[in-house]
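Heads up, the thing below is written out as structure tokens.
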Amino acid sequence: EAGVAQSPRYKIIEKRQSVAFWCNPISGHATLYWYQQILGQGPKLLIQFQNNGVVDDSQLPKDRFSAERLKGVDSTLKIQPAKLEDSAVYLCASSFGAYNEQFFGPGTRLTVL
Amino acid sequence: GESVGLHLPTLSVQEGDNSIINCAYSNSASDYFIWYKQESGKGPQFIIDIRSNMDKRQGQRVTVLLNKTVKHLSLQIAATQPGDSAVYFCAENIHAGGTSYGKLTFGQGTILTVHP
Chain A
1 EAGVAQSPRY KIIEKRQSVA FWCNPISGHA TLYWYQQILG QGPKLLIQFQ NNGVVDDSQL
61 PKDRFSAERL KGVDSTLKIQ PAKLEDSAVY LCASSFGAYN EQFFGPGTRL TVL
Chain B
1001 GESVGLHLPT LSVQEGDNSI INCAYSNSAS DYFIWYKQES GKGPQFIIDI RSNMDKRQGQ
1061 RVTVLLNKTV KHLSLQIAAT QPGDSAVYFC AENIHAGGTS YGKLTFGQGT ILTVHP
């Protein structure tokens, strides 16, 4: 079974630039999550989708972060403009349902200079 | 705010020893707890979970204990191997009051180092 795919794996940008991350969840998984993991900390949920609808985006900095899952499968997370404190690993996870096991992708390591 | 935390940030053990990683949580509404293992450059990997109606659950070489009285969770790894070296996170699922969906909140993590 193919796992959660993410791209790119690494990204280096200057502050105030824009960046986008892509996630392809496990086939058949209705629930998709984006997490931010700052070095030395546990992942923090940014946004949760159920199919193409947003379930929870309470911790998403909406002035600069946006995410979409238009067809209920792939998802993109965008940061515009990036700040130094956005340097982190961005993890995508998916699950069959909201209370099922979450499977994580390898993450995208973002460095903002 | 309510959060999940760990008592020890690092743990070093010898190969073959048993390891115990601890976690404290503060939200009495949490009803589902999970332990994850994260190796360098990889996403967290599910190890074992437990629901709040249980106090113990066993897997292969791993056991999770839940003490709801003191809001404490522990992960026991038997016969620890070098391949167990990683960061271990506990996470709790908090019912978002009235909705069907729970919100997974991770603790800070414990670094486990296993020496051959």
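Residue numbers (our numbering), protein chains in the order written: chain A, 1 to 113; chain B, 1001 to 1116.
Note that the Cβ used here is the ideal one computed from N, Cα and C, for glycine as well.
This one's a predicted model, so the numbers in the text were calculated from it and none came from an experiment.
- Grab me the residues of B:Gln1081's own chain with a C-beta within less than 7 Å of its C-beta, minus the 5 sequence neighbours each way, in chain order. Position 81 of the second sequence, counted from the start, is the residue given in the question as residue 1081 of chain B. Same-chain partners within the cutoff: Glu1015 and Val1114.
- Of all the CB atoms in chain A, is at least one closer than 8 Å to the CB of B:Lys1103? Numbered from 1 along the second sequence, position 103 holds the residue referred to as residue 1103 of chain B. For B:Lys1103, the answer is yes, since a Cβ of chain A falls inside 8 Å of its Cβ.
message: Here's the rule: buried if 16 or more other CB atoms are within 10 angstroms of the residue's CB, otherwise exposed. What is A:Lys182?
response: Residue 182 of chain A cannot be examined here, being either before or after the span of chain A that is shown, 1 to 113.
Open item on the list: Counting only beta-carbon separations shorter than 8 Å, does B:Glu1002 have a partner in chain A?
Closed with: As a first step, residue 1002 of chain B is located in the second sequence; it is residue number 2 there, counting from the start. With a pLDDT of only 40 at B:Glu1002, under 50, the local geometry of the prediction cannot be trusted, and no value is derived from it.
Interface residues of chain A around B:Gln1108 at Cβ under 9 Å?
Within the second sequence, numbered from 1, the residue matching residue 1108 of chain B stands at position 108. Simply Gly40, Gln41 and Gly42.
Alpha-carbon to alpha-carbon, A:Lys15 and A:Leu60: Start at 1 with the first residue of the first sequence, and residue 60 of chain A comes out as number 60. Start at 1 with the first residue of the first sequence, and residue 15 of chain A comes out as number 15. Going from the Cα of A:Leu60 to the Cα of A:Lys15 covers about 19 Å.
Positions along the region 45 to 57 of chain A whose CB lies within less than 9 Å of some CB in chain B: Leu45, Gln48, Gln50, Val55 and Asp56
**Prompt:** Taking DSSP as the reference, what is the three-state secondary structure of B:Asp1017?
**Reply:** One-based indexing of the second sequence puts residue 1017 of chain B at position 17. Three-state result, B:Asp1017: coil.
query = Using a beta-carbon distance cut-off of less than 9 Å, what residues from the region 1037 to 1055 of chain B approach chain A?
reply = Gln1038, Gly1041, Lys1042, Gly1043, Pro1044, Gln1045, Phe1046 and Asp1049
Collapsed DSSP secondary structure at A:Leu32 in the structure displayed
Here residue 32 of chain A is taken as the residue at index 32 of the first sequence, counted from 1. The answer is strand: DSSP assigns A:Leu32 an E or B state.
ask   = I think A:Ile79 touches A:Arg69, with their Cβ atoms under 8 Å apart; what is that distance to the nearest whole Å?
value = Against the first sequence, residue 79 of chain A aligns to sequence position 79. Against the first sequence, residue 69 of chain A aligns to sequence position 69. The Cβ separation is near 17 Å, so there is no contact.
Notebook entry, point to check: Are B:Gln1045 and B:Lys1037 close, meaning C-beta to C-beta below 8 Å?
Noted result: Taking the first residue of the second sequence as position 1, residue 1045 of chain B is located at position 45. Taking the first residue of the second sequence as position 1, residue 1037 of chain B is located at position 37. Going by C-beta atoms, B:Gln1045 is nearer than 8 Å to B:Lys1037.
May I ask you to report which of helix, strand or coil DSSP gives B:Leu1006? Indexing the second sequence from 1 puts residue 1006 of chain B at position 6. Below a pLDDT of 50, predicted positions are generally treated as unreliable, and B:Leu1006, at 40, falls in that range; the measurement from the model is reported next regardless. Three-state result, B:Leu1006: coil.
message: My output table needs one value for B:Gly1043: the three-state DSSP class, helix, strand or coil.
response: Translated into positions along the second sequence, residue 1043 of chain B becomes position 43. Reduced to three states, the DSSP call for B:Gly1043 is coil.
Is it right to say A:Tyr10 is buried, meaning 16 or more other beta carbons lie within 10 angstroms of its own, or is it exposed? Start at 1 with the first residue of the first sequence, and residue 10 of chain A comes out as number 10. With fewer than 16 Cβ atoms within 10 Å of its Cβ, A:Tyr10 is classed as exposed.
Exposed or buried, which one is B:Lys1103 when buried takes at least 16 other CB atoms within 10 Å?
As a working note, residue 1103 of chain B is residue 103 in the second sequence. Buried, because 16 or more other Cβ atoms sit within 10 Å of the Cβ of B:Lys1103.
Might you give, ordered along the chain, the residues of its own chain that have their beta carbon closer than 7 Å to the beta carbon of B:His1007, omitting 5 neighbours on each side?
Position 7 of the second sequence, counting from 1, holds the residue named residue 1007 of chain B. At B:His1007, the pLDDT of 44 sits below 50, so the modelled position is not reliable; the number obtained from the coordinates is stated separately. Counting only Cβ-Cβ distances below 7 Å, and skipping sequence neighbours, we find Asn1022 and Ala1024.
Determine which residues of the region 20 to 37 of chain A have a Cβ less than 9 Å from any Cβ of chain B, and write them out in chain order. Thr31, Tyr33, Tyr35 and Gln37
Leaving out the 5 sequence neighbours to the left and right, which residues in its chain are closer than 6 Å to A:Val89 when beta-carbon positions are compared?
Locating residue 89 of chain A in the first sequence gives position 89, counting from the first residue. Closer than 6 Å at the Cβ level, and outside the excluded window around A:Val89, lie Gln37, Gly107 and Arg109.
Exercise. Could you check where the beta strand (DSSP E) with A:Ser58 kicks off and where it finishes?
Worked result: Taking the first residue of the first sequence as position 1, residue 58 of chain A is located at position 58. Run containing A:Ser58: none; DSSP gives neither H nor E here.
| request: Using 10 angstroms around the beta-carbon of A:Leu32, count the other beta-carbons present and answer buried if the total reaches 16, otherwise exposed. | output: Here the question's residue 32 of chain A lines up with position 32 in the first sequence. It counts as buried.
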